[in-house]
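Protein chains in written order, with our numbering: chain A, 733 to 1023; chain B, -14 to 346.
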């Protein structure tokens, strides 16, 4: 390639650089700066090196929150991925039903996140909530997510599945619609059952969108904050205290900016690491290599 | 193996077809003999693929019946018809190896693994896919992929016919030729009925023993490549087959002469006699390669203006203007082409007369 006589081309990149600097680089550097200092008062701080990292890595409450987080994300993926694919397979393929189902399906995605928490608080209340009251009158059990950890988890999972499965379903549906008709015709001619058609035609062809759905659902569920915060506030006890809730407690609740910053960086590294591992693994599956 | 009969087939994609313009296929009534190599040739949108899908069972025709060896299969789904189809783009199970792709139709039919293996190896040998059997199908080049699609049809020993829907569209020109030869070879070896859909006349004429030319939802002629070239039964066949296509001139008859805007062309007595008995708009047709271009006025010559000359290497295409009509002539290399005014002669044995588009017989 021919070299340009000057470096004016860099000016074109400058706006992007400025935006990224304000949206990502500067905040990240600020966090890194906090993580190595003990801030005693505004304008008064001591350099402490990696002490906060060491302390946070040994914090048993962080460990508990981390395992809880893995359990939560694991359940989310195990339930939402197959359910989303099933819904996508069941959706109509032509006619007015298509737009009707797609819009209906997308409704939960349009509701603000903290509103969702409020909706489910009311929905599950044993006295006035449709679900809570229904369970009590039909089964005689008092369903209470504010008192019993299991109930809190069940409510949280139901809310999460209701809220986000549509995203998986919409992505899977887009993937399904993109499969050329000839593949189905060939499968028919080859005498394939609908199960083998799913296994050897639909699933491999949906790989791209399902990878995206998987990563999005992993990251989002791993970073979940607003919904459990509104619904349970991390309780009962610490049973629904996820990483983000614990982080906010430290950083804003106790105003421990140093440990909070160290925590954020660890958190960030975990999400990045797992997203990378999952992405690589899913790519390999697509190429038919052993994971 | 089977003899495929199409009985008064018509098809419309409209739910409630009214006039003939609603029909993608107007009336198809013909027989594909067992073991024949057929090509279905026509421009895009003429109904070739629809007809193919009716034969394979992917489309149920609005009217008419499909018979395999005399048995009505019109209502049977494709998997019950023992038919195989190769599509325009290679259709593979890309997570599977080449071996598993070829074995897939047999496994679906519950054959035992031992027989499957023997059969797959046999077919892979015919298609020269043996070295790739353990490779993933997705990793092969386009021609290899098309061979796999074909192979999934060939492995089934009971297959009645193999249908090809423009199978060479995505193949490189050099590989196209090789694959076409391979197809012909396989046809001779296995004696299966092959029906090959294409819009490329070279492909159709080199592959098939019999070519069916389709135009606006109808088969206008079925014949050997030579028939189509020398005796096109419809002006569309004349125009579509051959490059450039047949020349057509509107004419009237007077005795055994055809009159075109003052110029007269001598016909042989038989052609003239048949022409006089015909009704409708009369046209005279002649292939560019039979049209003679002379610098001097000879006997019964027609005056023309030379508009342009294209050199194609082995011959030249001369564009001529006769009484406001454009004609093309193929002139052999080495023969002199006049620069401005030329005299054309029409050899009577190569002149065909058409009434309302159809050859007068």
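Every residue gets a Cβ at the ideal spot worked out from N, C-alpha and C, and that includes glycine.
In terms of Cα proximity to residue 762(A), the closest of 900(A), 889(A), 824(A), 997(A) is 997(A). For the pair residue 143(B) and residue 67(B), the CB atoms are nearer than the 8 Å cut-off.
Residue-level contact check: residue 93(B) touches chain A, since one or more beta carbons of chain A fall below 8 Å from its beta carbon. Against chain B, the beta carbon of residue 936(A) has neighbours under 8 Å at 78, 79, 80, listed in chain order. Residue state for residue 328(B) is assigned as strand, using DSSP reduced to three classes. For residue 776(A), the three-state secondary structure derived from DSSP is strand. Taking the Cα of residue 238(B) as reference, the smallest distance to any Cα among 260(B), 218(B), 177(B) is reached at 260(B). Considered as a whole, the region 160 to 238 of chain B harbours 186 to 192, 210 to 215, 220 to 225 as its complete alpha helix (DSSP H) runs of no fewer than 4 residues, in chain order. About 16 Å separates the CB atoms of residue 344(B) and residue 196(B); that is not less than 8 Å, and the two are not in contact.
The alpha-carbon of residue 991(A) is positioned some 31 Å away from that of residue 887(A).
Proximity of residue 245(B) to chain A, defined by a Cβ-Cβ separation below 8 Å, is not satisfied. For residue -6(B), the uninterrupted beta strand (DSSP E) segment begins and ends at -11 to -3.
Scanning its chain for C-beta atoms nearer than 7 Å, with the 5 sequence neighbours on each side dropped, one finds around residue 63(B) the residues 41, 42, 43, in chain order. According to DSSP, residue pairing for residue 339(B) in a beta bridge involves 268(B), 344(B). With a 10 Å radius around the Cβ and a threshold of 16 neighbouring Cβ atoms, residue 17(B) comes out buried. Just so you know, the alpha carbons of residue 274(B) and residue 316(B) end up roughly 7 Å apart. Listed along the chain, the chain A residues whose CB falls inside 8 Å of the CB of residue 131(B) amount to none; the nearest CB is some 12 Å away. Residue pairing by DSSP places residue 70(B) opposite 148(B) in a beta bridge. Below 8 Å, enough C-beta pairs join the region 79 to 90 of chain B and the region 101 to 109 of chain B to call them touching: three or more. Comparing alpha carbon positions, the residue from 113(B), 263(B), 61(B) closest to residue 84(B) is 113(B). Between residue 109(B) and residue 136(B), the beta carbon gap of about 7 Å places them in contact (Cβ cut-off 8 Å). Beta bridge pairing from DSSP links residue 38(B) with no other residue.
From the beta-carbon of residue 917(A), the residues of chain B found nearer than 9 Å are 38, 41, 43, 63, 70, 72, 76.
Distance between residue 213(B) and residue 176(B), taken at the CA atoms: about 24 Å. Nearest CB-CB separation between residue 137(B) and chain A: below the 8 Å threshold.
Out of 286(B), 54(B), 7(B), the CA that lies nearest to the CA of residue 244(B) is found in 286(B). When DSSP states are grouped into helix, strand and coil, residue 153(B) belongs to the coil group.
CA-to-CA, the gap between residue 972(A) and residue 957(A) works out to about 11 Å. Close to chain A, meaning a Cβ-Cβ distance shorter than 7 Å, are the following residues of the region 85 to 114 of chain B: 89, 90, 93, 94.
Under DSSP, residue 293(B) takes part in a beta bridge, and its partners are 304(B). Within the same chain, and ignoring the five residues on either side of residue 182(B) in sequence, the residues whose Cβ sits closer than 7 Å to its Cβ are 25, 33, 34, 37, 149, 150, 151.
Under the 10 Å beta carbon count, residue 190(B) is surrounded by 16 or more other beta carbons and is classified as buried.
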